[in-house]
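Trainee:
Residue numbers (full-length UniProt numbering): 1 to 210.
In structure tokens:
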């Protein structure tokens, strides 16, 4: 029993060292991370690395699933309700705003893992589908293969929105940005144009001085 505990602790320490080294290299801007470089940074040999991961890609995959596991276990409250697109968008955006710099860089840099960010959002939507089904099932307008197009639009909108928010220096308050994303996801830009037209109609007329 004690031997098993010691072994588990060694495994945990090694994996923690690998992950720490991985995050450090990402923070430094390394987009091409090799097993050799990572092993040196983690103070292990390559053989030890391969005892835990089949490849660098496996490490990326584990990081991606770890993010989603944490989100769905501790933050998402309606995974089985596909109609709650607004809530899903808000909660995931706010969750990402709380992540460490390495995760932010992974999501915002397409060079990582053949676009880590895109894979993250794809896997997120797959989990929603497994938990609650296709939100557009049985809707006539999205039949005949259109559902995939709609989901692609939602996914790319959310990812692009988050990346732009980061690129702009996060100047918009996270809660405000999350609510804007939810409105754009559910209503497009039409509500913004309607609001603009309404403001024009209700604005007091300018008067020329006599």
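We put the beta carbon where it would ideally sit given N, CA and C, even for glycine. Note that this is a predicted model, so its numbers are computed, not measured.
#1: Pull up the CB-CB distance for residue 155 and residue 125, whole angstroms please, since I reckon it's below 8 Å.
#2: For residue 207 and residue 169, I'd like the C-alpha separation in whole angstroms.
#3: In terms of alpha-carbon separation, which member of 165, 131 and 122 lies closest to residue 150?
#4: Applying the criterion that 16 or more other CB atoms from any shown protein chain within 10 Å of the CB defines a buried residue, is residue 51 buried or exposed?
#5: Indicate the three-state DSSP secondary structure (helix, strand or coil) for residue 8 in the structure shown.
#6: Check residue 174 in the structure and name its three-state DSSP category.
#7: Taking the alpha carbon of residue 70 as the reference point, which residue from 99, 46, 60 and 53 has its own alpha carbon closest?
#8: Hey, how far is the Cα of residue 20 from the Cα of residue 137?
#9: Report the option in 79, 31 and 36 whose CA atom is closest to the CA atom of residue 130.
#10: Can the beta-carbon of residue 58 be found closer than 8 Å to that of residue 17?
#11: I'd like the span of the alpha helix (DSSP H) that includes residue 153, first residue to last.
#12: Quick check: the region 107–114 against the region 24–35, are there 3 or more CB pairs under 8 Å?
#13: With a threshold of 8 Å, are at least 3 pairs of Cβ atoms found where one atom belongs to the region 79–96 and the other to the region 172–179?
#14: Of all the options 139, 140 and 97, which has the alpha carbon lying nearest to the alpha carbon of residue 67?
Mentor: On the basis of the coordinates in this document:
#1: The Cβ separation is near 6 Å, so the contact holds.
#2: No answer about residue 207 holds up, because its pLDDT of 45 lies below 50 and its placement is not dependable.
#3: Nearest C-alpha to residue 150: 122.
#4: Exposed: under 16 other Cβ atoms inside 10 Å.
#5: Look at residue 8 here: in three-state DSSP terms it is helix.
#6: Of the three classes helix, strand and coil, the one that applies to residue 174 here is helix, per DSSP.
#7: Ranking the options by Cα distance to residue 70, first place goes to 99.
#8: For residue 20 and residue 137, the distance between alpha carbons rounds to 42 Å.
#9: Closest in C-alpha terms to residue 130, from the list 79, 31 and 36, comes 79.
#10: Contact: no.
#11: Residue 153 -> alpha helix (DSSP H) spans 146–167.
#12: Verdict: yes, contact present.
#13: Cβ pair count under 8 Å is three or more, so yes.
#14: Looking at the Cα atoms, 97 is the closest of the given residues.
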